Amino acid sequence: MYSSEIILQTVISGLLMGCIYALVAVGLCLIWGLMEIVNFAHGEMLMLGMFTSFWMFALYHIDPIISLPLCMVLLFLVGVATYFLVIKKILKAPFLAQILATFGLGIFLRYLAQFFWTPDFRMIKNPLLSGRIGFGGIFVGIPELTASVITIASFALLYWFINKTEIGSALLATSEDREAASLMGINSDKMFALGWGIGVGCLGIAGALISNFYYIFPEVGFPFALIAYVAVALGGFGSIPGSFVAGIIIGLVEFLGGLFIAPAFKYTFVFIIYLLVVFIRPQGLWGRY
Amino acid sequence: MKKIFGFGLILIVLLFFILPGSLPAADVKIGVIYPMSGPVAQAGIDDKHAIELALDIINTGKYKHLNLPLAKSAGGLPNLGGAKVIVTTADHQGKPDLGLSEAERLITQEKVAALLGCYHSSVTETASMVAERMKVPFFNPESSSPKLTRRGFKWFFRSSPHDETFSEGMFQCVQDLEKKRGAKFKTIAVMYEDTLYGKDSSRIEKELAAKAGYKVVADIPYRRSATSLTSEVQKLKAANPDIFFPTSYASDAILLCKTSKDLDYNPQVIMAQNAGHTDPSFVEAMGKDIDGICSRTEFSLDLAKYKPMLTEINELFKKRSGRDFSGTSARCFVGFFVLCDAINRAGSTAPEAIRGALVKTNIPADQLITPWRGVKFDETGQNILVDAIVIQYQGAKPYTVWPFNLASKEMIFPIPKWSERK
Numbered sequence: 335m336y337s338s339e340i341i342l343q344t345v346i347s348g349l350l351m352g353c354i355y356a357l358v359a360v361g362l363c364l365i366w367g368l369m370e371i372v373n374f375a376h377g378e379m380l381m382l383g384m385f386t387s388f389w390m391f392a393l394y395h396i397d398p399i400i401s402l403p404l405c406m407v408l409l410f411l412v413g414v415a416t417y418f419l420v421i422k423k424i425l426k427a428p429f430l431a432q433i434l435a436t437f438g439l440g441i442f443l444r445y446l447a448q449f450f451w452t453p454d455f456r457m458i459k460n461p462l463l464s465g466r467i468g469f470g471g472i473f474v475g476i477p478e479l480t481a482s483v484i485t486i487a488s489f490a491l492l493y494w495f496i497n498k499t500e501i502g503s504a505l506l507a508t509s510e511d512r513e514a515a516s517l518m519g520i521n522s523d524k525m526f527a528l529g530w531g532i533g534v535g536c537l538g539i540a541g542a543l544i545s546n547f548y549y550i551f552p553e554v555g556f557p558f559a560l561i562a563y564v565a566v567a568l569g570g571f572g573s574i575p576g577s578f579v580a581g582i583i584i585g586l587v588e589f590l591g592g593l594f595i596a597p598a599f600k601y602t603f604v605f606i607i608y609l610l611v612v613f614i615r616p617q618g619l620w621g622r623y
Numbered sequence: 039m040k041k042i043f044g045f046g047l048i049l050i051v052l053l054f055f056i057l058p059g060s061l062p063a064a065d066v067k068i069g070v071i072y073p074m075s076g077p078v079a080q081a082g083i084d085d086k087h088a089i090e091l092a093l094d095i096i097n098t099g100k101y102k103h104l105n106l107p108l109a110k111s112a113g114g115l116p117n118l119g120g121a122k123v124i125v126t127t128a129d130h131q132g133k134p135d136l137g138l139s140e141a142e143r144l145i146t147q148e149k150v151a152a153l154l155g156c157y158h159s160s161v162t163e164t165a166s167m168v169a170e171r172m173k174v175p176f177f178n179p180e181s182s183s184p185k186l187t188r189r190g191f192k193w194f195f196r197s198s199p200h201d202e203t204f205s206e207g208m209f210q211c212v213q214d215l216e217k218k219r220g221a222k223f224k225t226i227a228v229m230y231e232d233t234l235y236g237k238d239s240s241r242i243e244k245e246l247a248a249k250a251g252y253k254v255v256a257d258i259p260y261r262r263s264a265t266s267l268t269s270e271v272q273k274l275k276a277a278n279p280d281i282f283f284p285t286s287y288a289s290d291a292i293l294l295c296k297t298s299k300d301l302d303y304n305p306q307v308i309m310a311q312n313a314g315h316t317d318p319s320f321v322e323a324m325g326k327d328i329d330g331i332c333s334r335t336e337f338s339l340d341l342a343k344y345k346p347m348l349t350e351i352n353e354l355f356k357k358r359s360g361r362d363f364s365g366t367s368a369r370c371f372v373g374f375f376v377l378c379d380a381i382n383r384a385g386s387t388a389p390e391a392i393r394g395a396l397v398k399t400n401i402p403a404d405q406l407i408t409p410w411r412g413v414k415f416d417e418t419g420q421n422i423l424v425d426a427i428v429i430q431y432q433g434a435k436p437y438t439v440w441p442f443n444l445a446s447k448e449m450i451f452p453i454p455k456w457s458e459r460k
């Protein structure tokens, strides 16, 4: 039905997009794994990351790839601030209150962005990373390719940090058993703040990378966040490798399903997979619980 | 004695109610209903500026050199003894129910001679129902839903083309390309965002394609907020149609253009349905990558090449509003003149006389700033001399390329491949 060229192109595009989904999802996954709170302002924080690189580019002519570290640090601080100003106060609150707090924060950030930056669509014009490379009729966008390379590197770094460093072990210990970790002299407050910082900081990286090839406006985060929730549930709540694999699976299913069946239903396939996993293995593919 | 006194008092009060309506008014009052607040307030504000400019031209007689209806008279409406035209503006906020109650208020309390509005098709629909019931002419300069003039109304008139005319224009443009430029088209693809706007316009496109003998080889609905359009564009690439018809809002138009470039998708002709593909943020975001894309539209400032007075009128408009004429404000400007011209020819503010004059309207093309062949209404109240125009982006600027006799640049066809562009 389709030439092998088109199928191969779709698989590659799906893999690249999957990496982006994974990077958006990992922060959500980390925060959940650490303290069992779902950050419903995740999409809006991604939007903040994208706008940061947009404004760095528009105001100071700093390319998104160069402002990426700054974007990450800024979002890290946003994450830490969110923990101290909002999350800390609702740690012992009922589940519904926790949902509403982050959900409300999301709405607040979205309309704040709309108020200050208008709902116009923006695009970073001719960033350093632009264009595409082609071989034999297959095209790979350079921004997408770079994004996936950086994503894989970030995952590797994160994995190393969590599993091989002392602070990482402290984070793991806190997520295993808060009380026991405190008894061992680990300050859970600091660990939570760190978790939020890293989780949201990942969005800074993702935002800077996505802003190279995607339009930017105040509601841009929602569709990405929606996919991130699915990726976290699919990969297993709290599992970092799980969310990576889940992101890739979603990218492939979306693109191939769209090509072979009907583009109108491409997200339907994504959610069908999610439902299957929830029915058969509620803890997700690599879930701990 | 008391009884007679009371009776006299009631009589006087009654007289006050009857007199103002029956006495000939010096001014001609027109009720204008537009969205002056709410999400599309800008459209209403632009229209108000257009109407105020028209009033200035009609009432002062300062612009005798302009070839507009009524501009040549000494000021005011000559057949009504130089009566001035005044407007009463009402705000409907984009809400059909508010449009309805404001129409009622303007007719019963403000005693307007005619109503004009309302931008949104949905509000025009309800407001014109009131006018129809109360037998007052309702003039619509810009709503585009085809059904408005298909309700069998006697008092409803529309000077603008509706959505079907716009789509027909796109296919006529394509067929003219075949005739005049030796192109041969066999297949088309439609891709559209999956809400009412996209579904409706693609339905009409598919009907017109069947009529013109083109085969639809891809029919792709998509979600406006999609994070990627890769599989959609891959489907297009595989189907490889001669002409590609996208219907998009701004964000998805940006993503579609971007994805087409990344995946090296090169159709011969892209014929878009206005909206996203003519949105300033689309042009701003994509820059020169939009070159070659055609879109139907209702108005373009480069028409000034064939209508020299457009430049001067646009300057006057810009001085008031700080903005250039858009398709909406230009059509409102023209519509207001058509209505005032009819009231003048009626020589009276009696509704039946105005309606009679509107039916007989016949304004030639050179008195309009819109790209139409004139203004003449059929029995449904629809202007039958309307045309859409097609613009093409060249160097990231829109130029009229069809109808060929109004074109300011020749249409680039086929669109250069991505690999051949700089």
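In order, the protein sequences belong to chains A and B. Residue numbering for the first sequence follows my numbering, beginning at 335 and increasing consecutively. Residue numbering for the second sequence follows my numbering, beginning at 39 and increasing consecutively. Glycine included, every Cβ here is placed at the ideal spot set by N, Cα and C. The structure presented is a predicted model; accordingly, all values stated were derived computationally and were not measured.
(1) If we define contact as Cβ-Cβ less than 9 angstroms, is Gln-448/A a contact residue for chain B?
(2) Where does Gln-311/B fall in DSSP's three states?
(3) Counting Cβ pairs closer than 8 angstroms, one from the stretch 520 to 534 of chain A and one from the stretch 395 to 414 of chain A, do we hit at least three?
(4) Report the option in Val-358/A, Ser-338/A, Arg-456/A whose CA atom is closest to the CA atom of His-376/A.
(5) To the nearest angstrom, report how far apart Ile-472/A and Thr-268/B are at their CA atoms.
(6) Classify Asp-362/B: buried if its beta carbon has 16 or more other beta carbons within 10 angstroms, exposed otherwise.
(7) In terms of alpha-carbon separation, which member of Val-612/A, Gly-618/A, Ser-522/A, Leu-463/A lies closest to Lys-422/A?
(8) Measure from the alpha carbon of Ile-583/A to the alpha carbon of each residue in Ile-346/A, Ser-337/A, Lys-498/A, Glu-339/A, then state which is nearest.
(9) For Leu-406/B, which three-state DSSP category applies?
(10) Roughly how many angstroms separate the alpha carbons of Ile-539/A and Leu-408/A, rounded to a whole number?
(11) Could you spell out the range, first to last residue, of the alpha helix (DSSP H) harbouring Phe-295/B?
(12) Using a cut-off of 8 angstroms between C-beta atoms, extract the partners of Thr-268/B located in chain A.
(13) Where Phe-191/B and Glu-170/B are concerned, what is the direct C-alpha to C-alpha distance, given to the nearest angstrom?
(14) Chain A beta carbons: is any one of them nearer than 9 angstroms to that of Phe-320/B?
(15) How far does the beta strand (DSSP E) with Pro-77/B in it extend, from its first residue to its last?
(16) What would DSSP say about Lys-466/B, mapped onto helix, strand or coil?
(17) Beta-carbon of Arg-411/B versus every beta-carbon of chain A: anything under 9 angstroms?
(18) For Glu-90/B, which residues does DSSP report across the bridge?
(19) Straight-line CA distance for Ile-476/A to Cys-536/A?
(20) Classify Tyr-72/B: buried if its beta carbon has 16 or more other beta carbons within 10 angstroms, exposed otherwise.
(21) What in chain A is Cβ-close to Asp-499/B, meaning under 7 angstroms?
(22) Along the stretch 282 to 294 of chain B, where does the CB come closer than 7 angstroms to a CB of chain A? Name the residues.
(23) Judging by CA-CA distance, which residue of Gly-330/B, Asn-400/B, Val-150/B is the nearest neighbour of Lys-455/B?
(24) For Glu-148/B, which three-state DSSP category applies?
(25) Distance, Cα to Cα, Lys-86/B vs Met-74/B?
(26) Note the first and the last residue of the continuous alpha helix (DSSP H) segment covering Tyr-563/A.
(27) For Lys-272/B, return the contacting residues in chain A, with the cut-off set at a CB-CB distance below 7 angstroms.
(28) Between Gly-207/B and chain A, is any beta-carbon pair separated by less than 9 angstroms?
(29) First and last residue of the alpha helix (DSSP H) that includes Thr-436/A?
(30) Does DSSP put Gln-272/B in a helix, in a strand, or in coil?
(31) Which residues, in order along the stretch 210 to 232 of chain B, keep a beta-carbon less than 7 angstroms from a beta-carbon of chain A?
(32) Is it buried or exposed for Tyr-417/A, if we count other Cβ within 10 angstroms and need 16 for buried?
(33) When you compare the CB of Asp-397/A with every CB in chain B, is at least one pair closer than 9 angstroms?
(34) Alpha carbon to alpha carbon, what distance is there between Tyr-101/B and Leu-339/B?
(35) Could one say the Cβ of Ile-258/B lies closer than 9 angstroms to chain A's Cβ atoms, at least one of them?
(36) What would DSSP say about Gly-348/A, mapped onto helix, strand or coil?
Well, looking at it:
(1) no
(2) coil
(3) yes
(4) Val-358/A
(5) 13 angstroms
(6) exposed
(7) Nearest to Lys-422/A by C-alpha distance, out of Val-612/A, Gly-618/A, Ser-522/A, Leu-463/A, is Ser-522/A.
(8) Ile-346/A
(9) coil
(10) Ile-539/A and Leu-408/A have their C-alpha atoms roughly 10 angstroms apart.
(11) Position check: residue 295/B holds Cys in this sequence, whereas Phe was assumed. Taken as a continuous stretch (DSSP letters only), the alpha helix (DSSP H) holding Cys-295/B covers 288 to 300.
(12) Thr-344, Ser-347, Gly-348, Met-351, Phe-589, Gly-592
(13) 7 angstroms
(14) Chain A, which has a Cβ nearer than 9 angstroms to the Cβ of Phe-320/B, makes this yes.
(15) Premise fails: Pro-77/B is in no beta strand (DSSP E) and is neither H nor E.
(16) Given that chain B is displayed from residue 39 to residue 460, the structure contains no residue 466/B and the question cannot be resolved.
(17) no
(18) None, per the DSSP bridge assignment.
(19) 21 angstroms
(20) buried
(21) The requested residue 499/B is not part of the displayed model; chain B covers only 39 to 460.
(22) Ala-288, Ser-289, Ile-292, Leu-293
(23) Considering only alpha carbons, the answer is Gly-330/B.
(24) coil
(25) Counting only the Cα atoms, Met-74/B lies some 9 angstroms from Lys-86/B.
(26) 555 to 569
(27) In the sequence on display, residue 272/B carries Gln and not Lys. By Cβ distance, chain A contributes Ile-340, Gln-343, Thr-344, Leu-593.
(28) The beta-carbon of Gly-207/B is placed no less than 9 angstroms from the nearest beta-carbon of chain A.
(29) 429 to 451
(30) helix
(31) Asp-232
(32) buried
(33) no
(34) 21 angstroms
(35) yes
(36) helix
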